[in-house]
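As structure tokens, the structure follows; a few thoughts come after it.
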């Protein structure tokens with residue numbers, strides 16, 4: 399009886415641990431058209447190495463051959479672009495961020511570059527490649543709400 403109970407507990411623990419990771423690999427070609435358009439516009443010459451789908455938000459995660467990680471909402475709208483400490487391409491910054499956010503960043507941090515940007519219902523959060531990394535939050539109009547340290 400102890401062996402059966404022990405085996406059952408081990409099996410239960412294994413099932414519980416394996417179900418914690420809800421991400422599943424998906425074929426890039428089957429993702430929403432908005433994701434393809436985003437990648438084609440801003441990362442045309444970069445290969446998508448891996449794509450995953452999650453039941454939560456963000457819904458889709460992509461890993462690119464240049465080291466960037468992208469996250470998208472269920473409808474295909476972008477949620478996060480993480481350059482992993484690489485500065486985001488200028489065309490991308492101009493294409494997805496409010497102008498006054500970019501003006502503020504260039505004025506207040508002239509020697510820094512944006513290495514990560516996230517979009518939320520309340521606005522934007524960026525990380526700058528300062529030492530240490532600086533995190534700045536903006537409302538949806540691109541006005542600063544908070545500044546501080548990041549990672």
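In our numbering, the protein residues as written are 399 to 549. For every residue, glycine included, the Cβ atom is placed at its ideal position computed from N, Cα and C.
Can you check whether the CB of residue j is closer than 8 Å to the CB of residue i?
| i | j | result |
| --- | --- | --- |
| residue 475 | residue 529 | no |
| residue 532 | residue 544 | no |
| residue 512 | residue 484 | no |
| residue 444 | residue 460 | no |
| residue 510 | residue 527 | yes |
Helix, strand or coil for residue i? Go by DSSP, reduced to three states.
| i | result |
| --- | --- |
| residue 460 | strand |
| residue 445 | coil |
| residue 490 | helix |
| residue 438 | helix |
| residue 551 | Outside the displayed range of the chain (399 to 549) lies residue 551, so it cannot be described from this structure. |
| residue 495 | coil |
| residue 428 | helix |
| residue 506 | helix |
| residue 500 | helix |
Using only alpha-carbon positions, find the residue among the options that is nearest to residue i.
| i | options | result |
| --- | --- | --- |
| residue 455 | 472, 502 and 448 | 472 |
| residue 451 | 429, 435 and 463 | 429 |
| residue 493 | 519, 449, 427 and 441 | 441 |
| residue 496 | 457, 521 and 435 | 521 |
| residue 519 | 539, 507, 508 and 502 | 539 |
In whole angstroms, what separates the C-alpha of residue i from that of residue j?
| i | j | result |
| --- | --- | --- |
| residue 439 | residue 537 | 25 Å |
| residue 486 | residue 523 | 14 Å |
| residue 541 | residue 436 | 25 Å |
| residue 500 | residue 525 | 12 Å |
| residue 535 | residue 453 | 27 Å |
| residue 345 | residue 448 | The structure shown does not extend to residue 345, since the chain spans only 399 to 549, so no value can be given for it. |
| residue 507 | residue 462 | 27 Å |
| residue 434 | residue 457 | 15 Å |
| residue 426 | residue 515 | 22 Å |
| residue 502 | residue 421 | 36 Å |
| residue 489 | residue 498 | 16 Å |
Given the structure, does residue i come close to the ligand GTP, in the sense that its CB is under 7 Å from one of the ligand's heavy atoms?
| i | result |
| --- | --- |
| residue 490 | Here there are no bound small molecules, and the ligand GTP is not part of this structure. |
Is the stretch 455–467 in contact with the stretch 476–491, if contact means three or more CB pairs nearer than 8 Å? Yes: the two stretches touch, three or more of their Cβ pairs being nearer than 8 Å.
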